[in-house]
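Protein sequences, first through last, are from chains L and B. FYI, this note's numbering numbers position 43 of the first sequence as 161, with every residue one higher than the one before it. FYI, this note's numbering numbers position 14 of the second sequence as 132, with every residue one higher than the one before it. Backbone N, C-alpha and C define an ideal beta-carbon position, used for all residues, glycine too. Everything numeric in this text was worked out from a predicted model, so none of it was measured. Read the structure below first, then the notes.
There are 2 protein chains.
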Amino acid sequence: MLKEKSEKYSAILEGAGAVFARLGFHKATISQIAQEAGVADGTIYLYFKNKDDILYQYIQFKTTAFFEKMRSAVDATDGAEEKLRNLIRCHLREFQNDRNMAIIFQSEVRYLRNIALQVKDISKWYLDFLTEIIELGQMEGHLRQDLFIGLVKRFVLGAVEGIINTWVAAEGKYDLTAMADPLVDLYLGGIRK
Amino acid sequence: MLKEKSEKYSAILEGAGAVFARLGFHKATISQIAQEAGVADGTIYLYFKNKDDILYQYIQFKTTAFFEKMRSAVDATDGAEEKLRNLIRCHLREFQNDRNMAIIFQSEVRYLRNIALQVKDISKWYLDFLTEIIELGQMEGHLRQDLFIGLVKRFVLGAVEGIINTWVAAEGKYDLTAMADPLVDLYLGGIRK
DNA sequence: AATGGATATGAATATAAATTCATTTGAAGT
DNA sequence: ACTTCAAATGAATTTATATTCATATCCATT
Chain L
119 MLKEKSEKYS AILEGAGAVF ARLGFHKATI SQIAQEAGVA DGTIYLYFKN KDDILYQYIQ
179 FKTTAFFEKM RSAVDATDGA EEKLRNLIRC HLREFQNDRN MAIIFQSEVR YLRNIALQVK
239 DISKWYLDFL TEIIELGQME GHLRQDLFIG LVKRFVLGAV EGIINTWVAA EGKYDLTAMA
299 DPLVDLYLGG IRK
Chain B
119 MLKEKSEKYS AILEGAGAVF ARLGFHKATI SQIAQEAGVA DGTIYLYFKN KDDILYQYIQ
179 FKTTAFFEKM RSAVDATDGA EEKLRNLIRC HLREFQNDRN MAIIFQSEVR YLRNIALQVK
239 DISKWYLDFL TEIIELGQME GHLRQDLFIG LVKRFVLGAV EGIINTWVAA EGKYDLTAMA
299 DPLVDLYLGG IRK
């Protein structure tokens with residue numbers, strides 16, 4: 119297995135990202151990925167164990183970068199409400215900036231978890247951020263004390279993912295980040311008059 | 119193609135449901151489905167055009183039944199708040215009662231839409247229910263007038279789906295329907311004190 | 001410019017699994 | 001009991017594509 123930082127390694131990863139996003143992991147072929155990356159079929163096997171491994175590395179790589187950004191966004195401000203706002207803004211911005219990643223995260227992570235249990239789990243990390251923020255908000259006295267936190271976390275993450283799915287299905291025709299503030303507003307205040 | 123209401127047709131559909139849920143559509147084989155359904159491999163092709171068609175029919179069938187139940191649940195009561203509550207309760211109950219369907223809906227619908235555009239679209243129908251309910255609530259004066267309805271719909275559906283995904287991942291170890299009322303409470307009142 | 005080792009190639013191979021079809025079974029009608 | 005035909009079977013065929021590997025290319029070192 120050749121060194122991970124080479125130009126070809128990255129070219130294959132990004133090429134794979136494009137093909138997986140377009141056709142889905144299972145319909146994507148090695149030849150298509152090779153072509154997209156500008157290398158020969160065999161070259162891929164110098165850098166990756168097999169097709170599953172390409173998806174695995176892709177997700178590991180993207181997840182790591184994503185979470186560094188999320189961590190900064192949350193740490194960049196004080197107060198639960200502003201932290202939550204930054205978290206959602208960052209999430210939407212990053213997915214908007216890498217639509218292939220958005221598509222792959224939303225559709226292939228489940229399959230991957232069947233083949234590699236130790237895959238970096240985006241939801242687990244994410245839910246931990248949310249726990250941290252919600253508990254902070256309760257300590258500050260700005261959030262309700264009677265929240266069932268396990269449910270609130272899923273409620274928040276599920277809604278963001280729903281928004282992203284819609285944006286992906288609409289082929290990215292509108293500005294996803296503009297949804298951040300109205301969405302946080304719904305989390306906080308609900309829909310009742 | 120033999121008639122749809124026969125015993126074998128249903129046996130194959132339910133068998134396929136079990137195998138698709140366990141292994142995912144792409145890893146499932148015709149032989150496994152045949153075995154699960156108690157028929158020979160070739161028999162499947164008397165009732166279905168091909169493997170894609172099995173998934174297609176499965177989703178059409180389940181979606182139709184699901185929406186009849188949803189329609190009744192919404193019509194069974196007056197007032198936006200109670201309608202919304204019934205909708206969510208019904209959704210969670212139906213998915214809890216058919217876990218294979220829950221898994222398949224949450225993971226294979228996207229693939230299917232690539233191969234058959236006219237697949238009954240669960241989210242489209244669902245979002246129409248929600249529009250109906252939200253507009254009613256606004257007319258009654260019980261819901262905020264300044265809601266961006268397109269966003270609210272995704273917010274509601276995304277959160278329910280998130281809750282269901284978690285329940286599926288937890289292997290159905292707890293009672294999903296118990297989430298309905300706390301969840302609706304979050305939709306209505308939000309998390310702010 | 002000759003050598004050697006690292007890297008890349010893509011045609012050939014292996015494999016898995018979807019689909020077909022010649023054959024068999026079972027049941028209804030005579 | 002015989003005939004017919006729809007329904008069912010599962011082994012054989014076909015197809016697709018992931019993976020391998022013998023060969024070629026590149027490039028640093030002398």
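Helix, strand or coil at residue 211/B [DSSP, three-state]: helix
query: Given residue 146/L, which residues of its chain have a CB within under 6 Å of its CB, disregarding the five upstream and five downstream residues?
result: Taken in chain order, the residues that qualify are 137, 138.
- prompt: Are the region 156 to 168 of chain B and the region 124 to 136 of chain B touching by the rule of at least three beta carbon pairs closer than 8 Å?
  reply: yes
- prompt: DSSP beta-bridge partners for residue 261/B?
  reply: Bridge partners of residue 261/B: 310/L.
query: For the region 214 to 233 of chain L against the region 165 to 183 of chain L, are there 3 or more C-beta pairs whose distance is under 8 Å?
result: yes
Rounded separation between residue 219/B and residue 210/B - CA only: 12 Å
field: residue 293/L - DSSP class collapsed to helix/strand/coil
entry: Residue 293/L: coil per DSSP, three-state reduction.
field: Other residues of its chain near residue 271/B: CB distance less than 7 Å, five sequence neighbours each side excluded
entry: 245, 248, 249
field: Alpha-carbon to alpha-carbon, residue 192/L and residue 198/L
entry: 9 Å
message: Applying the 10 Å Cβ sphere with the 16-neighbour rule, what's the burial state of residue 167/L?
response: exposed
message: By alpha-carbon positions, which one of 214/B, 308/B, 254/B, 301/B ends up nearest to residue 285/B?
response: Selected option, being the one with the closest Cα: 214/B.
task: Counting only the same chain and skipping the five closest in sequence on each side, list residues whose C-beta sits under 8 Å from that of residue 258/B.
output: 197, 198
- request: Please work out which residues of its chain come closer than 7 Å, Cβ to Cβ, to residue 195/B, disregarding the five sequence neighbours upstream and downstream, and give them in chain order.
  value: 201, 204
field: Short CB-CB distance (under 9 Å) between residue 277/B and chain L
entry: yes
field: Members of the region 202 to 230 of chain L near chain B, C-beta cut-off 7 Å
entry: 225, 228, 229
task: Taking C-beta pairs closer than 8 Å, name the residues in chain B that residue 301/L reaches, listed in chain order.
output: 269, 273
- prompt: Is the closest heavy atom of the ligand GTP to the C-beta of residue 259/B under 8 Å?
  reply: Of ligands this structure carries none, so the ligand GTP is not represented either.
message: Give me the residue from 240/B, 303/B, 141/B with the minimum Cα distance to residue 185/B.
response: 240/B
Chain L contact residues for residue 232/B, given Cβ-Cβ distances below 9 Å: Annotation: Cβ neighbours of residue 232/B in chain L (cutoff 9 Å, chain order): 141, 142, 145.
- prompt: Taking a cut of 9 Å between CB atoms, which residues from the region 247 to 265 of chain L lie near chain B?
  reply: 252, 255, 256, 259, 260, 261, 262, 263, 265
query: Which stretch, first to last residue, makes up the alpha helix (DSSP H) that contains residue 123/B?
result: Counted as a single uninterrupted DSSP element, the stretch harbouring residue 123/B is not any alpha helix (DSSP H), since DSSP gives it neither H nor E.
query: Below 9 Å between beta carbons: does that hold for residue 304/L and residue 277/L?
result: yes
field: Rounded distance between the beta-carbons of residue 225/B and residue 280/B, thought under 8 Å
entry: No, residue 280/B and residue 225/B are not in contact; Cβ-Cβ is about 14 Å, not under 8 Å.
query: Relative to the C-alpha of residue 207/L, which residue among 306/L, 307/L, 295/L is closest?
result: The candidate whose alpha carbon is nearest that of residue 207/L is 295/L.
- prompt: Per DSSP, what kind of secondary structure is residue 266/B in: helix, strand or coil?
  reply: coil
- request: Could you tell me which chain L residues have their CB closer than 7 Å to the CB of residue 235/B, listed as they occur along the chain?
  value: In chain order: nothing, as chain L lies at least about 12 Å away.
query: Who are the Cβ neighbours of residue 298/L in its own chain at under 6 Å, not counting the five residues just before and after it?
result: 206, 207, 210
Alpha-carbon to alpha-carbon, residue 274/L and residue 261/L: 14 Å
task: Kindly list, in the order they appear in chain L, the residues whose Cβ is closer than 7 Å to that of residue 297/B.
output: Under a criterion of Cβ atoms nearer than 7 Å, the residues of chain L adjacent to residue 297/B are, in order, 269.
query: With distances taken from CA atoms, which of 135/B, 144/B, 177/B is nearest residue 154/B?
result: Of the candidates 135/B, 144/B, 177/B, the one whose C-alpha sits nearest the C-alpha of residue 154/B is 135/B.
query: Looking at C-alpha atoms only, which residue of 291/L, 266/L, 177/L, 267/L is the closest neighbour of residue 131/L?
result: 177/L
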